[in-house]
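Here the structure is laid out as structure tokens; the discussion comes afterwards.
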């Protein structure tokens with residue numbers, strides 16, 4: 001018995017940082033950031049004042065959302081198409097290769113996509129530092145995650161359903177539209193929301209491809225640069241001599257975490273909801 | 288039409304990684320042309336004098352990753368064991384929710400924490416002139432990879448079959464022995480994947496490392512000195528990419544850092560996939 005007890009105490013002690021760190025870091029960020037909050041801080045759009053130190057973060061928030069939204073809009077058609085190809089047309093070898101490539105793509109550090117985007121979009125295609133470059137780079141960052149998520153969502157569909165649809169003589173398109181998408185869309189939407197959260201969290205790939213320090217509220221075109229919350233925090237955090245800048249950085253961090261959390265929690269709620277529903281459905285089928 | 292869309296998007300998704308590699312190789316070619324392969328072991332990096340030694344960043348990346356892993360693995364594994372073996376369903380979901388929260392904090396915010404919480408702490412505790420060091424980078428990375436390690440290890444531990452556990456219980460083995468001799472060896476292949484994924488994450492992390500590592504192109508002196516400012520592959524790219532002239536050898540050398548990152552990441556991913564297929 002004593003051995004067991006000692007081992008348990010040891011495990012709990014070792015695990016202690018993992019139990020305490022999440023709450024502690026969030027509490028510290030909130031403690032530092034919330035005093036910066038005011039109406040002007042969130043909704044102020046005056047970009048001229050002190051290079052974003054005095055002004056609000058509304059423009060940055062807008063830029064972040066535009067980049068993430070652009071990335072999702074670009075990536076989703078490809079992700080959906082790839083996942084459908086995987087289930088509908090791919091041979092065993094193709095599936096194997098596609099899976100390996102997607103897993104590999106997921107392991108590539110985001111900064112590498114940033115570099116490649118810098119070469120291709122910013123310089124080769126002369127798009128410059130722009131919303132379009134950033135959105136496409138972020139699309140590549142979230143693509144593997146969306147593909148793998150959609151493949152998993154489609155895998156949840158009972159084999160019998162597809163077989164039944166096929167035996168009725170439905171075409172590929174009808175199987176997708178009538179059987180697969182109605183059952184798989186919540187899972188895919190969950191993936192999309194997580195992709196949004198992921199795109200909102202990335203800083204490195206957009207640092208020198210999509211964003212400028214300040215001065216933009218609404219980009220003139222998709223080939224114009226934007227400002228973003230992530231890079232805003234990055235720049236402000238290095239203004240060590242100015243306490244107001246650091247204060248604004250902590251405030252922006254709280255805003256960023258809240259925006260990311262909105263998407264992550266929506267995804268969580270949706271996946272719980274669908275899990276419960278499909279659980280009820282399969283129980284119903286069993287009885 | 289449908290077939291075209293599906294085949295087209297699968298082709299694009301699959302080719303992305305090859306296109307990325309192709310452009311990186313093409314853009315880093317000038318470095319190979321002007322320096323051969325010697326740059327890998329050179330320790331001097333002075334763009335103004337055309338010296339592009341990669342040794343300091345390779346050593347810096349190696350130390351920061353190793354440190355992060357050594358610090359995070361015991362805690363991550365213990366938390367996984369705690370959640371999978373000792374807690375009930377409710378405790379388990381609380382621990383996991385904490386990890387998800389931690390994983391959800393963007394890396395730039397970790398950078399902010401590192402810069403304005405960790406560095407002052409290190410400076411006052413260790414009496415350093417500057418806290419910017421490989422130690423700071425390692426500590427920050429340890430926190431950042433903890434969720435990856437814990438979540439994947441926990442899943443690996445939970446997949447150990449009930450029969451195996453019951454068999455060990457029937458043999459009268461107590462919990463620590465069951466854990467050490469039955470559960471952990473069975474879960475090892477999954478834990479290995481968790482470690483590899485965490486490694487990849489630590490290697491590719493950019494902004495947080497950039498803010499705390501000091502960005503000084505020097506080899507640690509002596510080689511185990513983790514308390515002086517250093518540089519990693521990612522922090523060098525982040526610091527200098529905006530300054531390098533397009534098409535110059537400096538530019539090519541920075542792209543080469545990215546190429547190294549990409550190749551190592553691909554190797555790690557292949558290893559992890561081999562681990563997933565028993």
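Residue numbers (the numbering used here), protein chains in the order written: chain A, 1 to 287; chain B, 288 to 565. We put the beta carbon where it would ideally sit given N, CA and C, even for glycine.
Rounded to whole angstroms, the gap between the alpha carbons of residue 495 of chain B and residue 187 of chain A is 32 Å.
Proximity of chain B to residue 221 of chain A at the Cβ level (cut-off 8 Å) is not reached, the minimal Cβ distance being about 23 Å. Taking C-beta atoms as the reference points, residue 347 of chain B and residue 519 of chain B count as a pair closer than 7 Å.
Annotated three-state conformation of residue 500 of chain B is coil, per DSSP. Relative to the Cα of residue 150 of chain A, the nearest Cα in the group A/19, A/30, A/75 belongs to A/75. At least one CB atom of chain B sits nearer than 7 Å to the CB of residue 123 of chain A. The C-alpha of residue 307 of chain B is placed about 22 Å away from the C-alpha of residue 223 of chain A. Within chain A, the residues 115, 116, 119, 120, 124 have their CB atoms less than 9 Å from the CB of residue 310 of chain B, given in chain order. Annotated three-state conformation of residue 469 of chain B is helix, per DSSP. Within the stretch 23 to 34 of chain A, contact with chain B at the beta-carbon level (separation under 9 Å) is assigned to 23, 25, 26, 28, 29, 32. Judged by their CB atoms, residue 461 of chain B and residue 4 of chain A are nearer to each other than the 7 Å cut-off. At a Cβ-Cβ threshold of 7 Å, residue 395 of chain B and residue 203 of chain A count as neighbours.
If you compare the alpha carbons of B/369, B/332, B/350 with that of residue 18 of chain A, the shortest gap goes to B/369. The CB of residue 201 of chain A comes closer than 9 Å to the CB of 391, 392, 393, 394, 395, 396 in chain B, given here in chain order. From the beta-carbon of residue 343 of chain B, no residue of chain A is found nearer than 9 Å; the closest lies around 18 Å away.
Burial is judged here by how many other beta carbons sit within 10 angstroms of a residue's own beta carbon; residue 444 of chain B has at least 16 and is buried. Here residue 142 of chain A is buried: its Cβ has 16 or more other Cβ atoms, across all protein chains shown, within 10 Å. Measuring C-alpha to C-alpha distances from residue 440 of chain B to each of B/403, B/424, B/485 identifies B/485 as the nearest. In the assembly as shown, residue 383 of chain B is a buried residue. Its beta-carbon has 16 or more other beta-carbons within 10 Å. Judged by DSSP in its simplified three-state form, residue 180 of chain A adopts helix.
Contact residues of the stretch 236 to 265 of chain A toward chain B are 237, 238, 246, 249, 250, 253, 256, 257, 260, 261, 264 (C-beta to C-beta distance below 8 Å). Remark: three or more beta-carbon pairs, one from each stretch, lie closer than 8 Å, so the stretch 390 to 407 of chain B and the stretch 246 to 266 of chain A are flagged as touching.
Residue 240 of chain A sits exposed, since fewer than 16 C-beta atoms from the chains shown fall within 10 Å of its C-beta.
Identification of chain B residues near residue 63 of chain A by a Cβ-Cβ cut-off of 7 Å yields none; the smallest Cβ-Cβ distance measures about 14 Å. Put simply, of B/407, B/391, B/319, B/491 the residue whose alpha carbon is nearest the alpha carbon of residue 112 of chain A is B/491. For the pair of segments examined, the stretch 188 to 197 of chain A was found not to touch the stretch 162 to 178 of chain A: the number of CB pairs separated by less than 8 Å stays below three.
Annotation: Cβ neighbours of residue 7 of chain A in chain B (cutoff 8 Å, chain order): 462, 463, 466. For residue 511 of chain B, the secondary structure class from DSSP, reduced to helix, strand or coil, is coil. Closer than 7 Å to the CB of residue 552 of chain B there is at least one CB belonging to chain A. Listed along chain B, the residues sitting closer than 9 Å to residue 172 of chain A by beta-carbon distance are 289, 290, 293. With distances taken between CA atoms, residue 130 of chain A lies nearest to A/206 out of A/178, A/206, A/165.
Put simply, the CB of residue 84 of chain A is near chain B, with a gap under 7 Å to one of its CB atoms. Among the residues facing chain A, residue 528 of chain B is included, as its CB has a counterpart in that chain under 7 Å away.
At a cut-off of 7 Å, the C-beta of residue 560 of chain B has a neighbouring C-beta in chain A. Here the C-alpha atom of residue 318 of chain B lies approximately 30 Å from the C-alpha atom of residue 425 of chain B. In the three-state DSSP reduction, residue 447 of chain B falls in the coil class, being neither helix nor strand.
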